[in-house]
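Residue numbers (this note's numbering): 555 to 1010. All C-beta atoms, glycine included, are put in the ideal place defined by N, C-alpha and C. Bear in mind that the values here come from a model prediction, so they are computed numbers and not experimental data. Heads up: the structure comes next, in structure tokens.
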Ligand SMILES: [Mn+2]
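Structure follows, in structure tokens:
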């Protein structure tokens, strides 16, 4: 998947791809929520509160109606990051001045048997919720205004703010609109601040549990890529490969793809965010497959490019090797604690410019690398973080060079996912083959296997 990039001149997008070995799940007596230690969510809330001492913090979760009938309900990323709560209609309040002894309150909708006939059993605002979510206090949603008034009465808002972890400019989210309405009514004179940037910086560095979830998402995505050679053939349709990818994702427990699958053959391989996936795959085409499983909220982002008939042409092969070399140059250029994403981009572009390969009107191939080199991944495929600072340890990034030459009907992208550490980059998607000979071999092997089973 490609990120539209304001940082890199002449670039519009970045792409996504990746793979890695999936580490065994931690088995322990540690209380877990959504496969992360309960204590991790608590630590994030404490850290946020400690950074925003000049007022209260409000974080709206999504309401059930937000996504309508078109999508399954899924939680807002920031709300999930701070609570692990996946139920709709919840709001988190953090307050420096305690309310009934609590510095954090989780507001949940009251028990509604009628509604539960539609959306299933929901957590109730009671002691059980406090225990299972590890929050100091759980209260019914409709008491939020009362709590705010009590805090105001206690002087909590004298010269203070409301930090809202939500986009105030575009409150198309029903939950944000409702919250802003409550604030207008009950705290009309208290300034409201968009505090997302504080959470964005926190989300940039992943905990060990988050890294494990990303590894699992990458492992599932790798299983999908391992299936591709068994289904890719001249004459098949792009959507057949999409079916293989999604089937593999769901079979291994992914909730959904982290972004729409990009399966582009021939001319479509040169379209960066192509996701119609309706075309019939022709002999001589290359097929760009950019997909990522989302597991427990965390999404992989990996791209591989396959030859439809099992073998790259010499020209495709040369371009493929160049894209791979550009990726390797970016990885090699990484200096822990120093490199920014833009430094890696320069290294990848230099590698392309240094090549003797040309396209179009004798242009060097960096002219056909029309998107950014990479982006953070996490709860969002184009995850939040600060690209202006050196890539911090604990962040997970994609490195995804590509060349796109519509006049030659060739698009090639290779995208892997890397963990940034104190000492270097760790390729989390290393188990998904990307060498051209490995891809051709996988195609040959799959053909032999299907020939065998046809004989049986
Ligand atoms: Mn990407």
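Report the CB separation of residue i from residue j in whole angstroms; it is logged as a contact under 8 angstroms.
i	j	result
residue 776	residue 986	4 angstroms
residue 787	residue 845	19 angstroms between Cβ atoms; not a contact.
residue 755	residue 600	No, residue 755 and residue 600 are not in contact; Cβ-Cβ is about 16 angstroms, not under 8 angstroms.
residue 717	residue 611	5 angstroms
residue 887	residue 898	6 angstroms
residue 933	residue 631	4 angstroms
residue 862	residue 836	7 angstroms
residue 926	residue 616	Contact flag wrong, Cβ pair sits at about 29 angstroms.
residue 772	residue 983	5 angstroms
residue 750	residue 949	Not confirmed; about 17 angstroms, so no contact.
residue 875	residue 990	7 angstroms
residue 715	residue 745	5 angstroms
residue 928	residue 824	Actually they do not touch by this definition, with Cβ atoms about 20 angstroms apart.
Going by CA-CA distance only, name the one from the options that's closest to residue i.
i	options	result
residue 596	717, 761, 718 and 716	761
residue 633	624, 643 and 673	643
residue 889	944, 900 and 837	944
residue 813	799, 823 and 821	799
residue 719	609, 910 and 586	609
residue 802	785, 774 and 834	774
residue 999	785, 742, 655 and 744	785
residue 781	829, 691 and 1004	1004
residue 880	911, 848 and 627	911
For residue i and residue j, I'd like the C-alpha separation in whole angstroms.
i	j	result
residue 882	residue 907	14 angstroms
residue 584	residue 678	23 angstroms
residue 946	residue 707	42 angstroms
residue 577	residue 766	Low confidence applies to residue 577: its pLDDT is 48, below 50, so where it sits in the model is not reliable, and the reading given next is rough at best. Residue 577 and residue 766: Cα-Cα distance of roughly 7 angstroms.
residue 959	residue 669	53 angstroms
residue 613	residue 747	12 angstroms
residue 721	residue 728	12 angstroms
residue 652	residue 903	54 angstroms
residue 555	residue 607	38 angstroms
residue 953	residue 937	14 angstroms
residue 831	residue 873	23 angstroms
residue 860	residue 979	26 angstroms
residue 867	residue 850	40 angstroms
residue 855	residue 709	48 angstroms
residue 826	residue 685	46 angstroms
residue 919	residue 913	7 angstroms
residue 672	residue 993	47 angstroms
residue 593	residue 839	50 angstroms
residue 905	residue 924	15 angstroms
residue 977	residue 930	18 angstroms
residue 635	residue 819	37 angstroms
residue 795	residue 713	58 angstroms
For the segment 908 to 988, list the beta strand (DSSP E) runs that are entirely contained and at least 3 residues long, ordered along the chain. 950 to 953, 956 to 959, 964 to 967, 970 to 974 and 979 to 981
Would you list, in sequence order, the uninterrupted alpha helix (DSSP H) runs of no fewer than 4 residues that lie entirely inside the segment 714 to 780? 728 to 740 and 750 to 758
Pairs of beta-carbons, one from the segment 736 to 754 and one from the segment 698 to 707, closer than 8 angstroms: are there three or more? yes
Sufficient close CB pairs (3 or more, under 8 angstroms) joining the segment 658 to 667 to the segment 953 to 967: no
In chain order, what are the residue ranges of uninterrupted alpha helix (DSSP H) at least 4 long that sit wholly in the segment 781 to 831? 792 to 805
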